[in-house]
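Quick note: the sequence shown uses our numbering, first residue 146, plus one each step.
Idealized CB from N, CA, C, for every residue including glycine.
The model shown is predicted, which means the values in this text are computed figures rather than measured ones.
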Amino acid sequence: MAISRSELARQLRGHVELLASGGVRELGIELKAPVPAKPKQPRKEPAKPAAKSAPAKKTAAGFNPVIVPSVALEELKGFDSDNARALEPVAEEVRTCARCTLCESRTQTVFGTGDPRSPLMVIGEAPGGDEDVKGKPFVGRAGKLLTDIIEKGMKYKREHVYIANVLKCRPPGNRNPEPEEIEACRSYLERQIEIINPKVILAVGLFPAQWLTGEKRPLGRLRGQVHEVNGRKVICTYHPAYVLRNYTVETRKKVHEDVLLAVDILGEPPLLK
Ligand code: URA
């Protein structure tokens, strides 16, 4: 499949950022002798329409969104359920979203993953470098720990849990989400929650905890309890990336206590397949 120069540049930037986030500071690049330029031939064929993956024209809001096929839409097609079908138009809207500047720097949108009938939803902050490249939430180092928390701590299969983020696009350099980005993205997560209608939501990290509870208290004050928000049960805990940075018995014990609150409400893991 032919690939446009802008798409190639975007993918290359994603890979370089991923290497940088893993600590790589230098790349040994072998420069080949330049290929002599061919004399320009007059163009006979009419210009082809823009490749599907090329950045779209500026939108009314003045953004130049990156629009590529959606990994989540593909995944949803594999689920034969009303919830999956109801999520498809939302995922399609996210795929082409141009509501904030993040649409210009993303490699792709990261809508969500897992079984849309799950009684458990895990909500994180925003895609990082790995997620931006792969199109799925929590696929990097923090994601590996999240998988352990779900599978070893809660005895759920990761693919039976629906995982999403407050933001659907990566903030450059993994900076914190800006308030206007959170607002621009708000209705997507609201609709995901409404469609999936989970029994429990586990918020991992400060931003999802404050988003879900509507409170401004620090995470240390929001965790350790079950919040009732608009008839939904919300439990807040530390972000796996924070746990990796503060890998103490105390932090891990607190996360364990929090997930047990969720397990208590959930009961036995469902046999979804
Ligand atoms: N951190 C998050 O909050 N979400 C992801 O998807 C990955 C890392």
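Is Asp275 near Cys314, with beta carbons less than 9 Å apart? no
In angstroms, rounded to a whole number, what distance separates the CA positions of Val408 and Met299? 6 Å
Specify the secondary structure class of Leu312 as computed by DSSP and reduced to three states. coil
Tell me which same chain residues have a C-beta within less than 8 Å of the C-beta of Gly359, skipping the five on either side of it? Val374
Classify Asp403 as buried or exposed, calling it buried when 16 or more other Cβ atoms lie within 10 Å of its own Cβ. buried
Of the residues Ser332, Ala354, Arg320, Arg377, the one placed nearest Gly273, counting alpha carbons only: Arg320
Quick check on this structure: which residue in Asp225, Arg331, Thr292 has the alpha carbon closest to the alpha carbon of Cys245? Arg331
Quick one: using the 10 Å Cβ neighbour count with 16 as the cut-off for buried, is Tyr392 buried or exposed? exposed
Using only the alpha-carbon positions, how far apart do Gly133 and Glu249 sit? Past the edges of the chain, shown from 146 to 418, lies residue 133, and the structure says nothing about it.
Using the beta-carbon of each residue, find all residues closer than 7 Å to any heavy atom of ligand 1 and list them in chain order. Val255, Gly269, Glu270, Ala271, Pro272, Gly273, Glu276, Pro282, Phe283, Gly285, Ala287, Gly288, Asn310, Val349, Gly350, His384, Ala386
Could you tell me the alpha carbon to alpha carbon distance between Thr252 and Arg262, rounded to whole angstroms? 28 Å
Cβ shell of Gln355 (< 7 Å), same chain only, five flanking positions each side left out: Lys361
In the DSSP assignment, find the beta strand (DSSP E) that holds Cys245 and state where it starts and stops. That residue, Cys245, is in no beta strand (DSSP E); it is neither H nor E in DSSP.
Residues near Lys177 in its chain [Cβ-Cβ closer than 8 Å; skip 5 each side]: In this prediction, Lys177 scores a pLDDT of 41, lower than 50, which makes its location untrustworthy; the coordinate-derived value is nonetheless stated afterwards. Closer than 8 Å at the Cβ level, and outside the excluded window around Lys177, lies no residue.
Quick one: Cα of Pro264 to Cα of Lys344, how far? 5 Å
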